[in-house]
Amino acid sequence: MNFKYNYWLHLVMSAGYTLALWVGTLNIQVSAQYDSIQVRGVWRSFIVHLPRNYQPNVKYPLVMQFHGLQSNAAQQEIYSGFDFVADSFQFVVVYPNAVNGQWNIAGDEDVLFIETLTEVLKQRYAINNCLFFSGISDGGFFTYKLACAYTGHIDGIAVVAGNMTKFLQSSCSGASQIPLLHFHGTADAIVAYKGVSPLIPPVDSTISWWRIHNGCQDDSVVTEIPDIDAADHCTALHIKFSCTGNASSVIFYRIDNGGHTWPGSIPVPPLGNTCQDIRASSIMAHFFSALCISKTSSQDDISNDELQAEIIQGGEGYLLHCHREVKEISIFDLSGRLLMHTDVTHNNTIDIRSIHGLCILSLRGHRQYRIQKLFIP
Numbered sequence: 210m211n212f213k214y215n216y217w218l219h220l221v222m223s224a225g226y227t228l229a230l231w232v233g234t235l236n237i238q239v240s241a242q243y244d245s246i247q248v249r250g251v252w253r254s255f256i257v258h259l260p261r262n263y264q265p266n267v268k269y270p271l272v273m274q275f276h277g278l279q280s281n282a283a284q285q286e287i288y289s290g291f292d293f294v295a296d297s298f299q300f301v302v303v304y305p306n307a308v309n310g311q312w313n314i315a316g317d318e319d320v321l322f323i324e325t326l327t328e329v330l331k332q333r334y335a336i337n338n339c340l341f342f343s344g345i346s347d348g349g350f351f352t353y354k355l356a357c358a359y360t361g362h363i364d365g366i367a368v369v370a371g372n373m374t375k376f377l378q379s380s381c382s383g384a385s386q387i388p389l390l391h392f393h394g395t396a397d398a399i400v401a402y403k404g405v406s407p408l409i410p411p412v413d414s415t416i417s418w419w420r421i422h423n424g425c426q427d428d429s430v431v432t433e434i435p436d437i438d439a440a441d442h443c444t445a446l447h448i449k450f451s452c453t454g455n456a457s458s459v460i461f462y463r464i465d466n467g468g469h470t471w472p473g474s475i476p477v478p479p480l481g482n483t484c485q486d487i488r489a490s491s492i493m494a495h496f497f498s499a500l501c502i503s504k505t506s507s508q509d510d511i512s513n514d515e516l517q518a519e520i521i522q523g524g525e526g527y528l529l530h531c532h533r534e535v536k537e538i539s540i541f542d543l544s545g546r547l548l549m550h551t552d553v554t555h556n557n558t559i560d561i562r563s564i565h566g567l568c569i570l571s572l573r574g575h576r577q578y579r580i581q582k583l584f585i586p
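Here the sequence shown stands for residues 210 to 586, numbered as in the working numbering.
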């Protein structure tokens, strides 16, 4: 159903207490379906967001988002802003609730919940075989837990301000290689970048563990993200390790002077600086979508051969001409920031005169999608 939020937004710190912050009036239009299932005699609740123009005869990738300690599904839905990119990239997004606001990292109850929930969702909704997990803080710890304990296939994980315990590292060697995207602030006062001895290793150690586990080389390509918002008091580095194919990629966004926050989201000063130079949700969407396209490119329902667009010279600049199969486009910069999203009208021509440089172009049809790099002079 559609509804509007107008309330005190609760953002939760992993130290175990809730920080209520007035962020003004939030008039956010959300399409959400509340539901629950019973697992081991306990009713477990979750929120389902279906992408805009969802069609039961088209299959969509599934992304699960896990909230932080003492937070909940509704708060994570708002704070991450992932619904908006899910509409552009056509994901089904599910926000599960932990019991009493905390994910069980040590036991198997929550792993069983997610395994059961995944199967239920496949029965109720049009979902293809692409599955992704992501989470913040305690939800990030749980994402790493799932990477080690989930019995099905996981196509990729993304973690914000979370970590992987030393115990989990020591017991996870038999897990599959899973593409990883991790965001962490060096000034995170809740899940410390340098770790907490003896249980939680430094973040660099966790990234190194995944690099080795996924068979990546020791060298990395480090790219400085342009500091487009100096007022956020932090900068970002994109660190990518040389791996063989998408099946083992490891990408790390180090937010220098960043806090315990979701990059690109609402600034929450008590939790530290929020980097506005990148959008974590948009970057996740690109990461997941590329992995799904790579996996399913040979399947009929994901075929993108018919989706084409080219730049043409207009009267005072450049236009994007889309073939008739294209129904909507999105253009992002290389940091994941959305520059344009529009439906393609009957004339199939889009004005892109305000955009310049190297971009990421997402094309959508009725049953296909395509992502490609695009240079706009």
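Beta carbons are placed, not taken as given, at the ideal position from N, Cα and C, and that holds for glycine. From a predicted model like this one, the values you see are computed outputs, not experimental measurements.
Local Cβ density within 10 Å of residue i, reported as buried at 16 or more and exposed below that
i	result
residue 421	exposed
residue 393	buried
residue 432	exposed
residue 605	Residue 605 falls outside the range modelled here, since the chain spans only 210 to 586, and no answer is possible.
residue 265	exposed
residue 444	buried
residue 540	buried
residue 428	exposed
residue 504	buried
residue 296	buried
Spatial distance of residue i from residue j (CA atoms)
i	j	result
residue 399	residue 526	49 Å
residue 441	residue 485	6 Å
residue 267	residue 434	36 Å
residue 333	residue 498	22 Å
residue 538	residue 530	11 Å
residue 535	residue 517	7 Å
residue 280	residue 562	42 Å
residue 328	residue 438	42 Å
residue 257	residue 344	16 Å
residue 494	residue 379	30 Å
residue 415	residue 372	7 Å
residue 476	residue 289	12 Å
residue 572	residue 549	12 Å
Cβ neighbours of residue i in the same chain (closer than 8 Å, five flanking residues each side left out)
i	result
residue 586	520, 527, 565
residue 377	314, 353, 354, 357
residue 382	422
Cβ shell of residue i (< 7 Å), same chain only, five flanking positions each side left out
i	result
residue 330	271, 303, 336
residue 248	321, 322, 325
Spatial neighbours of residue i in its chain, beta-carbon cut-off 6 Å, leaving aside the 5 residues before and after
i	result
residue 583	568, 570
residue 317	none
Cβ pair count under 8 Å reaching 3, the stretch 291-309 against the stretch 265-273
Contact between the stretch 291-309 and the stretch 265-273 is present, because at least three Cβ pairs lie under 8 Å.
Pair every Cβ in the stretch 468-483 with every Cβ in the stretch 351-364, then say whether three or more of these pairs are closer than 8 Å.
No, they do not touch.
So within the stretch 443-511, which uninterrupted alpha helix (DSSP H) runs reach at least 4 residues, ignoring any that extend past its ends?
Restricted to the stretch 443-511, the alpha helix (DSSP H) segments that are unbroken, complete and at least 4 residues in length are 489-505, listed in chain order.
Assess, as a yes-or-no matter, whether the stretch 400-412 is touched by the stretch 444-451 under the definition of 3 or more beta carbon pairs within less than 8 Å.
At 8 Å Cβ cutoff, the stretches do not touch.
Taking contact to mean 3 or more Cβ pairs, one atom from each stretch, closer than 8 Å, check whether the stretch 488-497 and the stretch 422-430 are in contact.
Counting C-beta pairs closer than 8 Å gives fewer than three between the stretch 488-497 and the stretch 422-430, which falls short of the contact rule.
Going residue by residue through the stretch 347-383, where are the continuous alpha helix (DSSP H) segments of at least 4 residues, counting only ones entirely within it?
Those alpha helix (DSSP H) runs which fall completely within the stretch 347-383 and span 4+ residues are 347-358, 375-380.
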